[in-house]
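Undergrad: Provided herewith is a single structure, encoded as structure tokens, for subsequent inquiry.
There are 2 protein chains.
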Amino acid sequence: MTQSFRIRLYQMDAVVGDFDANLQKIARAADQARADGISMLVVPELALTGYPPEDLLLRPALIDKLTAADLMLQEISRDLTLCVGAPSAAAAAISDWALGNNSARPASLLNSLLIYRNGEHILSYHKQSLPNYQVFDERRYFVAGTQSMVCDLDGLRVGLLVCEDVWVPDIVEATCRLGADLILVVNASPFAEGKFDERLDHLKHRASVNQVPIAYVNLVGGQDELIFDGGSLVVDRNGEIIAQATFFAEDRLDVVWDGQHLIGDRVEHTPSDDALLYQALVTGVRDYFSKTGFRKAVLGLSGGIDSALTLAVAVDALGADNVHAVMMPYLYTADISVTDAKRQAEILGCEFSIVPIEPMVREFMQTLAPFFDGHPVDTTEENLQSRCRGVLLMALSNKTGALVLTTGNKSEMAVGYATLYGDMAGGFAVLKDVWKTRVYDLARFVNRATEVIPERVIVRPPSAELAPGQEDSDSLPPYDRLDTMLSLYIESDVSPDEIIDAGFDPVEVKRMCRLVDINEYKRRQSAVGPRVTVRGFGRDRRYPIANRWSF
Amino acid sequence: MTQSFRIRLYQMDAVVGDFDANLQKIARAADQARADGISMLVVPELALTGYPPEDLLLRPALIDKLTAADLMLQEISRDLTLCVGAPSAAAAAISDWALGNNSARPASLLNSLLIYRNGEHILSYHKQSLPNYQVFDERRYFVAGTQSMVCDLDGLRVGLLVCEDVWVPDIVEATCRLGADLILVVNASPFAEGKFDERLDHLKHRASVNQVPIAYVNLVGGQDELIFDGGSLVVDRNGEIIAQATFFAEDRLDVVWDGQHLIGDRVEHTPSDDALLYQALVTGVRDYFSKTGFRKAVLGLSGGIDSALTLAVAVDALGADNVHAVMMPYLYTADISVTDAKRQAEILGCEFSIVPIEPMVREFMQTLAPFFDGHPVDTTEENLQSRCRGVLLMALSNKTGALVLTTGNKSEMAVGYATLYGDMAGGFAVLKDVWKTRVYDLARFVNRATEVIPERVIVRPPSAELAPGQEDSDSLPPYDRLDTMLSLYIESDVSPDEIIDAGFDPVEVKRMCRLVDINEYKRRQSAVGPRVTVRGFGRDRRYPIANRWSF
């Protein structure tokens, strides 16, 4: 082989279901690669369909689309080696018992890495380890490959893996035993806080244990609740990073095989934890809008920190011209809330309106008076205020085509400190998986250079302002304590007793864990929002609503 | 062995997560069985935990609960053979790569049939075929058993299977090759229209092919979106039914092994398709309320057929005293709608209120006037009416503790002919998986003996009454045509082109299928509701919201 074999990892944003657009993007990348003297172009896992395609994979029409795409990819691969993540049909895939029962059809596809070379489809590797935990449902759609594989390119032996495969020591070792000079792994690995470090540790370990370089190309971009962070990278046989791409943006990362080693020329900086999280949210909003065809957002700006951060994210994602912030005061809204909301909107330069809800709340209360007679005031009246706001925002959305962003955080989602059809009304829940303590961190991050969120919004005690003098601390423990216990309970499956053993107040722990359990019905009707932890409230956490588990 | 071995299939309703209650129920059944001279008592798949326990199975505290339950089941089994469906911990279950990464933990449990005899745990069979399609996620939680098993009870050789196993010819045959005299299969098989016939055909076939009697015990009762229909049954070696239990109620089905054959003494009648569907809905409502701790329901009664049927179901499920029907007229509400709503409430004897929404709608319109200026009237104004109704019902719910039932049907859910946070606001969506054409069938069924739903409600043209003179047919094809094409598209994955080829109008088919696709965001925020078809809109159908698939 030539001494200099140039490999390009194309960290690509693929749109779910959009075969044409994804193919065109791969074709353009191939043209550029040829122009740049690249020998091998690699795109991520399921780049053809986007990830996760979910039940689109059950459509029988998929097979024709895959066949057509295969022909196009052959054509695209002229004068190039092209490695593409795509589903492929399993031979004799449908077992006899399922014949004639389409809806009960078991998995009949493979999650493959297709290798094209100079106009020919020369090889297909099939993912062996199919994740079926967390947000992943791959065994719903795919059967597992059973064979490790090395692709020989004029003497360069490239070991082929798809995503989860590289996390399984046996699979990596089996591939190396086939004589791989380097390992190529295509991925659709979604962001979560701390995930990049975990990924990196793992790759370093697998590389050094097997004394093999690993080239890791990741998908990038938001898809519903998932945000792929990119951060593609290459480690040498000692596990040292020799090339690293950017995060949360498409990128091309080139490395050269000189006959003995992989050589990279660029290692992008890894942003801080706060920067990664903030970029994840911006990416989530930007891509949800672009991929669902929305351009404008409207949100309720209350003068509190959650909506303030949501507004900052929205403006960074969509541009100030596309964001409408609406302050909807009521009797319990403090003057400083209105002032601070207005100020932030001015700083950011977005449209701002003040729409008092008093007339609507009054009419509802009058109409409901005969039914409420004899009942004490309770959260019903608070929910009513919140729901009037929800109706207003949805009316603005319906009339103008702007999508409503909800502003609640993960701490509130967890314990149900939110009003269904009120502040939970909207299409995208920006902070759904962001703990309140992280909301504060991110507000500081937003203000790192200049005041975007008025300082008073950050320092004043949090309040829903739904009753006179109300503060969050009337109903909930301080957020640092709350978030710690909730994170243990929700993200690490630690039982209430064990949390209490760790030094927390028994009554408080039991009350909070119970709130988590009984508020499943609210979360089930919540808007989709970006998953940024190891366990979000979307596909990640599947809990029964009717549930009588007691610890 | 004794010539007369009495087997009791206990068609049980288990509550998800409620180990204590489920164990107590099994203990009481064991006491009764001993008193009745029963040799072997059988309870359904996962009767210990309820089905589906979903992510409760990921809680580490589960293992202690299973250990404690095992001791109790040993005790319960004195002077009896007791067969219990329950999870069990897999030995060496956690593979090395997942150690220390709890949230990524792969399946480490088995879905087992535990056999206890005279105070001892004598055998555990582990389900070999784990469904991971439709509503099922069993590979998220369980590893598959690999061994067929026969339990020898003083010479009677009982082949053991769990649910899906009996659908796999190879597994049934392997069990028979071990010399099974009869097959015992414990199930948690949810209802869908036509499912009982499918199940029956299958059991008959497996029995006659293998010349083995099969005893099939099913779970019963509603759990969130799933409704287990019971209908446990026993077929002889020729596939003839020799015993059959009731549907949608707990039951005990006894059969006797006389040394050569199974002999049953009772074959319950199989209700008509309409009766089964109606009972499924009643069961769904009744059990969702009882298992989540609700007693009372409130719903909007519009004078239309959907809410009329929902009211009938609610009254049958909860009793007239526990149901509050609220008519919320607006300018476009016909007088006959108010009259008919009132009449049905009188017939059924439930609480009825009339709450005009005009004052609230007016205030919203005045407040929104500056924003709506220059925009034409569109569905925004219609949604506003619907949302005022939603806010009213939710306020009544919050104040009185009654759960709001939503009234939309599957046809509307499919094409998005519903208002998010308006008529979609509520805790349980009774008709969510019932096509409009089936709504008509069920209304006739409800009226089979006496007029419960005023005849005019059934015969008048359907209308949402959100605009002057509005009828459903202004926006949608006639429901018989609509339901046929939607059912093909949604339940059978038939492509629009193939639907057109079947003789439907191309423009109409493409418009309707597109409506299905773009309304995923609404369904994602809809209330849970009983699944009664082979593909409901719950765990069954997992579609991306951001989705650019084009046919």
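Going down the list, the sequences are from chains A and B. The opening residue of the first sequence carries number 24 in this note's numbering; numbering runs sequentially from there. The opening residue of the second sequence carries number 24 in this note's numbering; numbering runs sequentially from there. No residue lacks a Cβ here, since even glycine has one placed at the ideal position from N, Cα and C.
(1) In the structure shown, what three-state DSSP assignment does Asn580/B receive?
(2) Pull up the distance between the alpha-carbon of Ser288/B and that of Leu426/B, whole angstroms please.
(3) Name the chain A residues that come within less than 7 Å of Met35/B, Cβ to Cβ?
(4) Would a C-beta distance cut-off of 9 Å place His292/A and Pro236/A closer than the cut-off?
(5) Confirm, please, whether the CB-CB distance from Ala569/B to Asp160/A is below 9 Å.
(6) I need the DSSP call for Met63/A, collapsed to helix, strand or coil.
(7) Residues in the same chain with beta-carbon distance under 8 Å from Gln97/A, minus the five sequence neighbours each way, listed in chain order, please.
(8) Please classify Cys186/B: does DSSP put it in a helix, a strand, or coil?
(9) Considering only the alpha carbon of each residue, which of Ala52/B, Pro67/B and Leu69/B lies closest to Ile61/B?
(10) Rounded to the nearest angstrom, what separates Pro110/B and Thr556/B at their Cα positions?
(11) So what does Gln283/B bridge to, in DSSP terms?
(12) Asn261/A to Leu226/A, Cα distance in whole Å?
(13) Apart from the five residues just before and just after Asn124/A, which ones in its own chain have a Cβ nearer than 6 Å to its Cβ?
(14) Would you say Ala550/A lies against chain B (beta-carbon separation less than 9 Å)?
(15) Between Tyr156/B and Cys186/A, what straight-line distance do the alpha-carbon atoms span, to the nearest angstrom?
(16) Per DSSP, what are the beta-bridge partners of Pro501/A in this structure?
(17) Can you pull the chain A neighbours of Leu79/B, defined as C-beta to C-beta under 8 Å?
(18) Roughly how many angstroms separate the alpha carbons of Ala113/A and Ala92/A, rounded to a whole number?
(19) With distances taken between CB atoms, is the gap from Asn20/A to Ile206/A smaller than 9 Å?
(20) Could you pull out every residue in the same chain whose Cβ sits closer than 7 Å to the Cβ of Val290/B, ignoring the five residues on either side in sequence?
(21) Starting from Val243/A, trace the beta strand (DSSP E) in both directions and tell me its first and last residue.
(22) In chain A, which residues lie less than 7 Å from Glu386/B when you measure between Cβ atoms?
(23) Give me the chain B residues within the contact set of Asp516/A, using Cβ-Cβ distance strictly less than 7 Å, ordered along the chain.
(24) With 8 Å as the limit, tell me which residues of the stretch 417-431 of chain A have their beta carbon closer than that to any beta carbon of chain B; keep them in chain order.
(25) Write down the C-beta distance between Leu465/A and Val321/A rounded to the nearest angstrom, noting that I regard them as a contact closer than 8 Å.
(26) Should Asp252/A go down as buried or exposed, given a rule of 16 or more other Cβ atoms within 10 Å for buried?
(27) Which chain A residues sit within Cβ distance under 7 Å of Arg410/B?
(28) For Ala115/B and chain A, any beta-carbon pair shorter than 9 Å?
(29) So what's Val480/B in DSSP terms, helix, strand or just coil?
(30) For the putative contact between Ser409/A and Leu489/A, defined by C-beta atoms under 8 Å, what is the C-beta separation to the nearest angstrom?
(31) With contact counted as at least three CB pairs below 8 Å, one residue from each stretch, are the stretch 515-530 of chain A and the stretch 515-530 of chain B in contact?
(32) Curious, which full-length beta strand (DSSP E) runs of at least 3 residues does the stretch 172-218 of chain B contain?
(33) Taking 9 Å as the CB-CB limit, is Asn233/B close to chain A?
(34) Quick one, are the C-beta atoms of Ala238/A and Tyr74/A less than 9 Å apart?
(35) Assign Ala50/B to one of three DSSP states: helix, strand, or coil.
(36) Any beta carbon of chain A sitting closer than 9 Å to that of Gly40/B?
TA: Once the coordinates are examined:
(1) What is shown of chain B runs 24 to 574, which leaves residue 580/B out entirely.
(2) Your numbering for residue 288/B matches position 265 in the second sequence. Your numbering for residue 426/B matches position 403 in the second sequence. Before going on, a small fix: residue 288/B reads as Asp here, not Ser. Answer to the nearest angstrom: the Cα atoms are 42 Å apart.
(3) Translated into the one-based positions of the second sequence, residue 35/B becomes position 12. The premise fails here: Met35/B is roughly 15 Å from chain A at the closest Cβ pair, so nothing lies under 7 Å.
(4) On the first sequence, residue 292/A is found 269 positions in, with the first residue counted as 1. On the first sequence, residue 236/A is found 213 positions in, with the first residue counted as 1. Going by C-beta atoms, His292/A is not nearer than 9 Å to Pro236/A.
(5) If you number the first sequence from 1, residue 160/A lands on position 137. If you number the second sequence from 1, residue 569/B lands on position 546. Contact flag unset, no.
(6) Locating residue 63/A in the first sequence gives position 40, counting from the first residue. Met63/A: strand per DSSP, three-state reduction.
(7) Taking the first sequence and counting its residues from 1, one reaches residue 97/A at position 74. Closer than 8 Å at Cβ, skipping near neighbours: Tyr139, Gly142, Glu143 and His144.
(8) Translated into the one-based positions of the second sequence, residue 186/B becomes position 163. In this structure, Cys186/B counts as helix in the three-state DSSP scheme.
(9) By one-based count along the second sequence, residue 61/B stands at place 38. It is Ala52/B.
(10) Along the second sequence, one-based indexing puts residue 110/B at 87. Along the second sequence, one-based indexing puts residue 556/B at 533. Approximately 28 Å between the Cα atoms of the pair.
(11) Within the second sequence, residue 283/B is the residue found at index 260, counting from 1. BP columns for Gln283/B are empty, so no partner.
(12) In the first sequence, the residue the question calls residue 261/A occupies position 238. In the first sequence, the residue the question calls residue 226/A occupies position 203. Taking the straight line joining both Cα atoms gives about 10 Å.
(13) Stepping through the first sequence from its first residue, residue 124/A is reached at position 101. With a pLDDT of 39 at Asn124/A, under the threshold of 50, the predicted position of this residue should be treated as unreliable, and no value is reported.
(14) Locating residue 550/A in the first sequence gives position 527, where the first residue counts as 1. For Ala550/A, the answer is yes, since a Cβ of chain B falls inside 9 Å of its Cβ.
(15) The sequence position of residue 156/B within the second sequence is 133, counting from 1. The sequence position of residue 186/A within the first sequence is 163, counting from 1. Rounded to the nearest whole angstrom, the CA to CA distance from Tyr156/B to Cys186/A is 22 Å.
(16) Stepping through the first sequence from its first residue, residue 501/A is reached at position 478. Answer is none; Pro501/A lacks a bridge partner.
(17) As a first step, residue 79/B is located in the second sequence; it is residue number 56 there, counting from the start. Going along chain A in sequence order, the residues near Leu79/B (Cβ under 8 Å) are Tyr566, Pro567, Asn570 and Trp572.
(18) On the first sequence, position 90 is the one that residue 113/A refers to. On the first sequence, position 69 is the one that residue 92/A refers to. For Ala113/A and Ala92/A, the distance between alpha carbons rounds to 16 Å.
(19) Examination of residue 20/A is not possible in this model, given that chain A is present from 24 through 574 alone.
(20) Within the second sequence, numbered from 1, the residue matching residue 290/B stands at position 267. Excluding residues within five positions, the ones whose Cβ falls inside 7 Å are Ile264, Ala266 and Gln267.
(21) Position 220 of the first sequence holds residue 243/A. Its beta strand (DSSP E) spans residues Val243 to Gln246.
(22) Residue 386/B sits at position 363 when you count from the first residue of the second sequence. The contacting residues are Pro382, Met383 and Glu386.
(23) Indexing the first sequence from 1 puts residue 516/A at position 493. Result: Leu81, Arg82, Pro83 and Asn125.
(24) Met417, Ala418, Leu419, Asn421, Lys422 and Thr423
(25) Stepping through the first sequence from its first residue, residue 465/A is reached at position 442. Stepping through the first sequence from its first residue, residue 321/A is reached at position 298. About 21 Å separates the two Cβ atoms, so there is no contact after all.
(26) Residue mapping note: residue 252/A aligns to position 229 of the first sequence, counting from 1. Buried, since its Cβ has 16 or more Cβ neighbours within 10 Å.
(27) Taking the second sequence and counting its residues from 1, the one referred to as residue 410/B is at position 387. Within 7 Å Cβ-Cβ: Val414 and Met417.
(28) Position 92 of the second sequence, counted from the first residue, corresponds to residue 115/B. Bear in mind that a pLDDT of 48 at Ala115/B, under 50, signals an unreliable position, so the model cannot answer this.
(29) In the second sequence, residue 480/B corresponds to position 457, counting from 1. In this structure, Val480/B counts as helix in the three-state DSSP scheme.
(30) For the purposes of this step, residue 409/A is identified with residue 386 of the first sequence, where counting begins at 1. For the purposes of this step, residue 489/A is identified with residue 466 of the first sequence, where counting begins at 1. At roughly 7 Å, the Cβ-Cβ gap stays under 8 Å, so Ser409/A and Leu489/A are in contact.
(31) no
(32) 173-176, 179-185 and 205-210
(33) By one-based count along the second sequence, residue 233/B stands at place 210. Chain A contact via Cβ: absent.
(34) Translated into the one-based positions of the first sequence, residue 238/A becomes position 215. Translated into the one-based positions of the first sequence, residue 74/A becomes position 51. Going by C-beta atoms, Ala238/A is not nearer than 9 Å to Tyr74/A.
(35) Taking the first residue of the second sequence as 1, we reach residue 50/B at position 27. If DSSP states are grouped into helix, strand and coil, Ala50/B belongs with the helices.
(36) Position 17 of the second sequence holds residue 40/B. At least one CB of chain A lies nearer than 9 Å to the CB of Gly40/B.
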